[in-house]
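Chemist: What follows is a structure written as structure tokens; I'll ask about it next.
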Amino acid sequence: MNKLLVSTIVSSLLFTMNAFAENNPKGDDANKQANFAKHKAMHIEGIQSRMVVLQTALNCASAATAREQMQACHENEKGAMDAIRAKHEAQKAADEASRPK
């Protein structure tokens, strides 16, 4: 009788723990979801910032009437894209540094 009671209690505990784990993701699954949302937001932000730079470059190039003006548009676009790239690399390095090893 005792063995039956103990095995019933143990199996019910295991069942409860399994059900709890399914409803409360921890560890890798929770980290993956959190990282996914964070990286998705960063990706969308990067796309939007590049779109702003490209729209500005398009307006500048459309308004240019001389070669020097086109060169200035290109230099401004290049500088803005380099700044976006540097920001992305800094975020990427910070993420790598904060990851558990």
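First residue of the sequence shown? That's 1162 in the numbering used here, and the numbers climb one at a time after it. By construction, the Cβ of each residue, glycine as well, lies at the ideal position given by its N, Cα and C atoms. The structure presented is a predicted model; accordingly, all values stated were derived computationally and were not measured.
(1) Taking only three categories from DSSP, how would you classify A1218?
(2) Under three-state DSSP, which class holds R1246?
(3) Check whether the Cβ atoms of V1213 and E1238 sit closer than 8 Å, and answer yes or no.
(4) If we ignore side chains and look at the alpha-carbon of each, how far apart do Q1230 and Q1216 end up?
(5) Are the Cβ atoms of G1207 and H1249 separated by less than 8 Å?
(6) Determine the direct distance from the alpha carbon of A1241 to that of Q1232, and round the result to whole angstroms.
Modeler: So, to answer that:
(1) helix
(2) Three-state DSSP puts R1246 in a helix.
(3) no
(4) Rounded to the nearest angstrom, the gap between the Cα atoms of Q1230 and Q1216 is 16 Å.
(5) yes
(6) 14 Å
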